[in-house]
Each structure stands twice: as C-alpha cells, then as structure tokens.
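Since the structure comes first, as structure tokens, the remarks are kept for the end.
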Amino acid sequence: MTTALLSSTAAAATFSMNPITKTFEIGCERSALIEIDATGETSNAGEVEISYDPTKIEILDSNPSISGVQIKEGNAYQAYLYNDVNTTTGTIKLAASSFTGSLSSKKTFGEIEFKGKPGAGSTA
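Right under this line is the structure:
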C-alpha cells in the first residue's frame, strides 16, 4: 500500500477594520469599515463575527424596516445572506457570497455605525 501526502498552503482573503482604532465620546456617532482584501487570491464568500462591549457603545441600526439591528452591507459580494447584531451579547455577524464572479481585490464588506453610551467615558 502506498500513501502519498501532498503539502500545500491555503490562501484566503483577510479582514481588517478601518480605522483600526477610533476614539469616541458619549453620544457622538462614529463609523468603522470592515474591509476584505482578496488581492492575489479569489473569494466567492466571506463571513465575519465581531465582538464589542455593549455597555460602552450602541450599534446604530442601518435598516429600521427590518426587525432587529443590522449594520450597513458593503459592495464586496453580490448577496448578503446574514446580517445580525446581538445587542445583549455584543456580537455582530455578517455573511455574504457571490454566485457568479469572484472577489479578487480589496472592497468594503460592511460598515458599523455606532455611538458612545452615557457613562462609558471616552475610550479608543
């Protein structure tokens, strides 16, 4: 019996926040982009889960006509399949895909709009 092992590396798109840090004051509205970079690779789907402190910031709902809180969807993929902000646990989940074509550059995956809550003080 012969066994062959193949060694390869898997490359994937990377996520980043822009700006990386943001100082906010109580009641001031700010935003941060979630960027996905597939430069040199191809990607037809992506998902991200972000944790935040719900005692310090409030995520602003980008689509009040839909039940719950959502963030702004970006332009990286054709369809955004899941967009949910859990304001109790401080979790943001966003998933998207393209059925035709692939992402091979840097694009905006989503945008989080938020404001500082009373009593949180200034923080980064």
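With my numbering as the guide, the letters of the sequence shown map in order to residues 12 to 135. No residue lacks a Cβ here, since even glycine has one placed at the ideal position from N, Cα and C. In this text, all values refer to a predicted model and were calculated from it rather than measured experimentally.
key: Reference I31, options I123, I37 and G57, closest by Cα   = When only C-alpha atoms are compared, the closest one is I123.
ask   = Taking the C-alpha atoms as reference points, what is the distance between I70 and E52?
value = Straight-line Cα distance between these residues: approximately 32 Å.
Burial state of Q81 (16 or more Cβ within 10 Å) = So Q81 ends up on the buried side.
ask   = Do you know how far the Cα of E60 is from the Cα of T98?
value = Rounded to the nearest angstrom, the two C-alpha atoms are 13 Å apart.
query = Just curious, the beta strand (DSSP E) that S54 is in, first and last residue?
reply = Here S54 belongs to no beta strand (DSSP E), and DSSP marks it neither H nor E.
query = Should F110 go down as buried or exposed, given a rule of 16 or more other Cβ atoms within 10 Å for buried?
reply = By the neighbour-count criterion, in which 16 or more other beta carbons inside 10 Å mark a residue as buried, F110 falls on the exposed side.
Contact under 8 Å by Cβ, S62 with T102 = Yes, these two residues count as a Cβ contact at 8 Å.
query = By the 10 Å Cβ neighbour count, where 16 or more other Cβ atoms means buried, how is N86 classified, buried or exposed?
reply = By the Cβ neighbour-count rule, N86 is exposed, with fewer than 16 other Cβ atoms within 10 Å of its own.
key: Alpha carbon of G66 to alpha carbon of V96, nearest angstrom   = Reading the sequence as shown, one finds Thr at residue 66 and not Gly. When rounded, the separation of the alpha-carbon atoms in T66 and V96 is 14 Å.
task = To the nearest angstrom, report how far apart S116 and E46 are at their CA atoms.
result = The alpha-carbon separation between S116 and E46 amounts to approximately 10 Å.
query = If you draw a straight line from the C-alpha of D167 to the C-alpha of F125, how long is it?
reply = Not covered by the structure: residue 167. The range shown for the chain is 12 to 135.
message = Just to confirm my understanding: we take T25, look at its own chain, exclude 5 residues before and 5 after, and list those with CB closer than 7 Å. What are they?
response = Cβ within range, chain order: D48.
Per-residue DSSP class, three states only, for K67 = DSSP places K67 in coil when its eight states are reduced to three.
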